[in-house]
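Okay, structure first, notes after.
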Amino acid sequence: MIAAGLIWFGVFVAKFLEIGMITPPVGLNVFVIKGVVDRSISLGVIFRGVIWFLVADAVVVTIMVAFPQVILWLPSLS
């Protein structure tokens, strides 16, 4: 039971780290994209484009909390 909780917590932490990499004020992945794209695209436009990914991540986190069995299904096969 403890191992299952640790697996769930690890996936949960990884998901929140992913969210942290695309949200302000840090948003390191957004700054990397800004360095790659043309100078005519502002940082604000890139941050607005990230909103859909944040919505998708919020849905995934909600599913993870509501149904933890989804995360633990694959490890339980071994």
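Throughout the sequence shown, residue numbering follows the working numbering, covering 1485 to 1562 in sequence. Glycine is no exception: its CB is placed at the ideal position from the N, C-alpha and C atoms.
| query | Given a threshold of 16 other Cβ atoms within 10 Å of its Cβ, counted over all protein chains shown, does Ile1486 qualify as buried or as exposed? | reply | The C-beta of Ile1486 has fewer than 16 other C-beta atoms within 10 Å across all chains shown, which makes the residue exposed.
| field | Span of the alpha helix (DSSP H) around Val1529 | value | Counting along the chain, Val1529 sits inside the alpha helix (DSSP H) bounded by residues Leu1527 to Gly1533.
| request: Check the C-beta distance from Lys1499 over to Val1549 and give it rounded, since I have them as a contact under 8 Å. | output: Wrong, their Cβ atoms sit about 10 Å apart, outside the cutoff.
| Sorted by chain position, which residues of the same chain lie with C-beta nearer than 8 Å to Phe1531's C-beta, five sequence neighbours on each side aside? | Excluding positions up to five away in sequence, the list reads Pro1508, Gly1511 and Val1514.
| said: Using the three-state DSSP reduction, which class does Phe1493 fall into: helix, strand or coil? | reply: For Phe1493, the three-state secondary structure derived from DSSP is helix.
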